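Using my numbering, you'd call the opening residue of the sequence shown number 164 and step up by one each time.
The beta carbon of each residue, even a glycine, is placed where N, CA and C say it ideally should be.
This one's a predicted model, so the numbers in the text were calculated from it and none came from an experiment.
Following: one structure in structure tokens, then a few remarks.
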Amino acid sequence: MTVKQASIICSAMKTGTRSLRLRTFSSLAASSSAQKASTSVSDRSEGQGSDSKSDKRPIYVAATRQHVGKTTTSLALVQGLQKRFEKVGFMKPVGQQSLTVWEEEIEKQVQVDKDVVVVKKHFKLDHLPYGAMSPVLIPSGYTKDYIDGKITLQSQKELIENAYSCISQRSSVVLCEGTGHSAVGSIVGAGNAEVASWVGADMVLVANGGLGSTFDELELNRVFCEHHNVSIAGVVVNKVKVEKYDETKYYLDKALMSNWGIPLIGCIPDRPFLGCPALADLERLFGGSFLSGQAHELRHYTMSDIFLVATSLCEFLNSLRTRPTRTLYVCHASRDDILLGFIGEYQRRKMRGEEIESALLVCEGQKLDPHIVDMLSLDLDPPILVVPQDAQKVMQQINSFTPKLNAFDTTRVGTAVEHYESYIDFDLLLQKTGNMPDEDQIEVAN
């Protein structure tokens, strides 16, 4: 594809409308397909990744299942790549949960995958248009439309291939983040392994730490990638128990290499803070709202510091004064005494200059006494979050909840990226994908 063609593609991606994209792409389909055919995955590589510098391929990140740290791994990879390349490209070819954002270049709002927003904002990828970074979204009803023939495989493939052309033309290296495990999206013909084959990418599989079960999950995904002729450049395992870190790293690397010839390129020790919800996470989870103290919405709480109040006011106040200062208390809306006691103790501690980072989550908030609500409408500081669910359901959901990274919680994003990046072997990854930077690129990046 020529530079002129790529620029046309980028312009089309910026429109944010699928019909206009497809009309623009149709005139380029023949030449794009011809070029891709000449550099197909089967022609380029016979093994698990090639070390040839001239055979430069995008890096595609997929997970073995939900909640294994795929997005965090992708963020860490972007940061590491930015230290080695002048322009890093990123895209999430197929997304599910979306956000509405403002696309400055076309002066209009567009719908994009939520992870794309996190990456673009955190790493300031201003050289990339949102439309190209998130070409296909699968909202409710999309699967039925695909089965009914209202959406075609070819239309999805053109959007993704041409979005990749736009991104790669503007970037020195390209990272693609998949959605879930290697087969997610298969019902609409756009599973991660299939999409990786369309753009000629090498796969990085992300799994939770362990040995037997981890290897079993990796095997299922490896076979699926092999079926679509996608090479696996390496494996990253997350949340490895600190006390078993050296053992897990040694034996898993040995098993991967001896069975498949695939290296372990990252072994990340567990860091519990990354799984701690912030008040803002709970606000979104329960559809609640702050009565006061929303300024503290990014304050995080560990599972062990979430406490259901089923005691007298005296015992509650004693707990406030003896438990760790960062405790999240959960109570029912009928407990006016707990609400007033929390406000009073919070204000007393603040006036004395004492640290207090506790918060109160009030269940079945619709039953709150209106006089209490009026009192809390004042400009008070104590963080009090009101949710409609009952206390039992709230505690159950909190215990099973895995918070996700978002563009607003910069503390968690920054901590996660710094933690993950240091445990990834970038040199090995870039060698396996043919992306080794030269000295000039590293100097420009730094």
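Taking the Cβ atoms as the reference, I501 lies roughly 6 Å from V472, within the contact range of under 8 Å. Between the alpha carbons of I469 and Q229 lies a distance of about 24 Å.
Closest by C-alpha distance to V231, out of R434, C329 and S349, is R434. Rounded to whole angstroms, the Cβ separation of D365 and R220 is 5 Å, and the two are in contact under 8 Å. Taking 8 Å as the cut-off, the Cβ atoms of D278 and E340 count as close.
In chain order, V362 place their CB closer than 6 Å to the CB of Y327, counting only its own chain and leaving out the 5 sequence neighbours on each side. At a Cβ-Cβ threshold of 8 Å, A295 and Q319 do not count as neighbours. When only Cα atoms are considered, Q559 and Y509 end up about 27 Å apart. Nearest Cα to E520 within the set L316, K530 and T485: T485.
Counting C-beta pairs closer than 8 Å gives three or more between the stretch 374–383 and the stretch 397–415, which meets the contact rule. Annotated three-state conformation of V369 is strand, per DSSP.
Leaving aside the five residues that flank L442 on each side, the residues in its chain whose CB is nearer than 7 Å to its CB run, in chain order, H459, E460, R462, A522, P546 and L548.
The count of Cβ pairs closer than 8 Å, one atom from the stretch 236–252 and one from the stretch 583–590, reaches three, so the stretches are in contact. Excluding residues up to 5 positions away in sequence, F378 lie with their Cβ nearer than 7 Å to the Cβ of A418 in the same chain. DSSP places G243 in no beta strand (DSSP E) but in the uninterrupted alpha helix (DSSP H) bounded by K233 to Q245. Annotated as proximal: Y464 and L491, with beta-carbon spacing under 8 Å. In this structure, the beta-carbon distance from I431 to L592 does not fall below 8 Å. For D308, the uninterrupted alpha helix (DSSP H) segment begins and ends at Y305 to I310.
For L503, the enclosing alpha helix (DSSP H) has its first and last residue at D499 to M514. Cα atoms of H534 and M466: separation of roughly 32 Å, rounded to the nearest angstrom.
Shown here, L531 sits in coil according to DSSP, grouped into three states, outside any helix or strand.
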